[in-house]
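Numbering (the working numbering), first residue to last: -18 to 449.
Glycine included, each C-beta is placed from N, C-alpha and C at the ideal position.
Quick notes on the structure that follows.
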Ligand code: FAD
């Protein structure tokens, strides 16, 4: 049996881009259908942001109590090392995912969005067929929002399968591997590699560039590097994976040296590619931007009333960018004047310690623009010391234009600083200058006082470190 629908909006993909577009469209009273092939929530909720942060949380807790069993902290000791039932850890992580995926389902229902489960395939830009458990559904919408996301990139000489896994499998392993080799030192590889180290695995990281997190400068990543060294994570920079060999992974360094790294599992995190194949994109007559779907600053594709958002349209491939685009497109379809032109999109690495960056890094400031840079260390922040988060080299850094003190970029590295992303983004979106930040009272004792102090440092008169 074939059922037909002609809604105003069809959203394809129920990740943070698609489900937010659908909820907002529903809130605006638009007749909306969302098609999702898998579970609601997409990469982010099911096999990305949320499960990885749950695993990181559990791993950090395990590492802290293991350490307390070795060396008492704050006068608190343990008489035995903790035990780890990893199956229970993974089940707990799944319960967090289930709760959020169910929550998205509820929100879509409340917004009166019709959800169809199945794989959407287009035969032209406005005709879509979905094979569902109940039969074939044909949808002919007025507007299409494409939000099909991205997939992990594999290496031809190291295809996924057997002991070679992507982040998806790494988040649901049956046990903690004794030895894990991570190929690629971007944020996903580092977050997972560090989590498994904290859970007791021997971890090696192989990276073809000469440093970890190559998008960031060496000062910002130094505390993470220090943690890796202090925790015996073997780091092979300027080295490339060659292929599986014996019980491990063969790698070759830039100097031609060959080595076999023991590996129960090999986690390949060398990037993600837009999901453009297998659903009829080629039948939609849509212009591309390299491997991504090309969109303008309203997320409009080259085909009338076909919009595209999220990982499908390019970097940064981050959930909050996808959601912001989804909200924007729904409002445009509803007739509001909107465009997607953020001044800055925050990026966070949930490494040890965490890194957050919004706006320009010092080396990204265009040539000819003179800057003033202020930096404040957590070593001089009372809250950081009282939380044992002061050592390890963490700091807040601010980059401002010298001529008018306009804040161009904010970065921090340290424990618990991912929550700074909101304040950093607000300052940049609102066009703040150093004097604005210097005039904002930050509560004491909080880590956020370091943000205030970084502005004072950029102006040459920090209060809690000696100025220039
Ligand atoms: P996706 O979330 O990929 O959703 C696309 C959806 O479309 C999927 O559910 C898919 O099943 C569905 N779909 C595809 N084709 C069809 C079809 N033809 N028919 C029906 N359904 C279809 N980002 C952050 O901001 N912060 C983080 O901390 C973070 N951590 C991450 C950790 C990991 C391990 C990974 C892998 C990613 C992480 N990301 C993080 C990135 C984030 O997950 C993505 O940027 C985000 O999910 C992109 O959202 P999206 O809606 O564009 O696509």
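#1: Any idea which residues DSSP pairs residue 188 with across the strands?
#2: Between which two residues does the beta strand (DSSP E) containing residue 112 stretch?
#3: With distances taken Cα to Cα, identify the nearest neighbour of residue 224 among 54, 187, 258.
#4: Give the single residue among -17, 307, 282, 298 whose Cα lies nearest to the Cα of residue 114.
#5: Can you give me the C-alpha to C-alpha distance between residue 416 and residue 314, rounded to a whole angstrom?
#6: Quick one: what does DSSP say residue 105 is sitting in, helix, strand or coil?
#7: Report back the beta-carbon spacing between residue 101 and residue 307 to the nearest angstrom; my notes put them in contact at under 8 Å.
#8: Three or more C-beta pairs under 8 Å: does that hold for the segment 64 to 73 against the segment 223 to 242?
#9: In three-state terms, what does DSSP make of residue 280?
#10: Could you tell me the distance, in whole angstroms, from the CA atom of residue 162 to the CA atom of residue 210?
#11: Under 7 Å: does the beta carbon of residue 288 sit that close to some heavy atom of ligand 1?
#12: Please go through the same chain and pick out, in chain order, the residues whose beta-carbon is closer than 6 Å to the beta-carbon of residue 245, but skip the five residues on each side of it.
#13: If you count every other CB in all the chains shown that lies within 10 Å of the CB of residue 318, and 16 or more means buried, which is it?
#14: Excluding five sequence neighbours on each side, which residues of the same chain lie with their C-beta closer than 6 Å to the C-beta of residue 377?
#15: Can you tell me where the beta strand (DSSP E) holding residue 330 begins and where it ends?
#16: Give the DSSP-derived three-state secondary structure of residue 38 in the structure shown.
#17: Quick check: what's the CA-CA separation for residue 447 versus residue 43?
#18: How about residue 117 and residue -9: are their beta carbons less than 8 Å apart?
#19: Figure out for me which residue from -6, 419, 218, 299 has the closest Cα to the Cα of residue 442.
Working from what's here:
#1: Here residue 188 refers to the residue found at position 207 when the chain shown is read from its first residue. Residue 188 is bridged to 218.
#2: Position 131 of the chain shown holds residue 112. Here the beta strand (DSSP E) through residue 112 covers 108 to 113.
#3: Residue mapping note: residue 224 aligns to position 243 of the chain shown, counting from 1. The shortest C-alpha separation from residue 224 is found at 187.
#4: Position 133 of the chain shown, counted from the start, is the residue given in the question as residue 114. Selected option, being the one with the closest Cα: -17.
#5: For this step, residue 416 is matched to residue 435 along the chain shown. For this step, residue 314 is matched to residue 333 along the chain shown. Distance between the alpha carbons of residue 416 and residue 314 is about 40 Å.
#6: Along the chain shown, read from residue 1 onward, the residue named residue 105 stands at position 124. It is a strand residue.
#7: If you number the chain shown from 1, residue 101 lands on position 120. If you number the chain shown from 1, residue 307 lands on position 326. No, residue 101 and residue 307 are not in contact; Cβ-Cβ is about 16 Å, not under 8 Å.
#8: no
#9: To locate residue 280, count along the chain shown from 1; it is residue 299. Three-state DSSP puts residue 280 in coil, outside helix and strand.
#10: Reading the chain shown from its first residue, position 181 is the one you call residue 162. Reading the chain shown from its first residue, position 229 is the one you call residue 210. Computed Cα separation, rounded: 15 Å.
#11: Residue mapping note: residue 288 aligns to position 307 of the chain shown, counting from 1. Result no, Cβ not under 7 Å from ligand 1.
#12: Your numbering for residue 245 matches position 264 in the chain shown. Closer than 6 Å at Cβ, skipping near neighbours: 158, 159, 160.
#13: The residue labelled residue 318 in the question sits at position 337 within the chain shown. Label assigned to residue 318: exposed.
#14: As a first step, residue 377 must be located in the chain shown, where it is residue number 396. Around residue 377: 357, 393, 431, 432, 435.
#15: Position 349 of the chain shown, counted from the start, is the residue given in the question as residue 330. Note, residue 330: beta strand (DSSP E), 328 to 330.
#16: As a first step, residue 38 is located in the chain shown; it is residue number 57 there, counting from the start. Residue state, collapsed to three classes: helix.
#17: Start at 1 with the first residue of the chain shown, and residue 447 comes out as number 466. Start at 1 with the first residue of the chain shown, and residue 43 comes out as number 62. Residue 447 and residue 43: Cα-Cα distance of roughly 38 Å.
#18: For the purposes of this step, residue 117 is taken as the residue at position 136 of the chain shown. For the purposes of this step, residue -9 is taken as the residue at position 10 of the chain shown. Taking 8 Å as the Cβ cut-off, residue 117 and residue -9 do not qualify as a contacting pair.
#19: Stepping through the chain shown from its first residue, residue 442 is reached at position 461. Measuring from the Cα of residue 442, the nearest candidate turns out to be 419.
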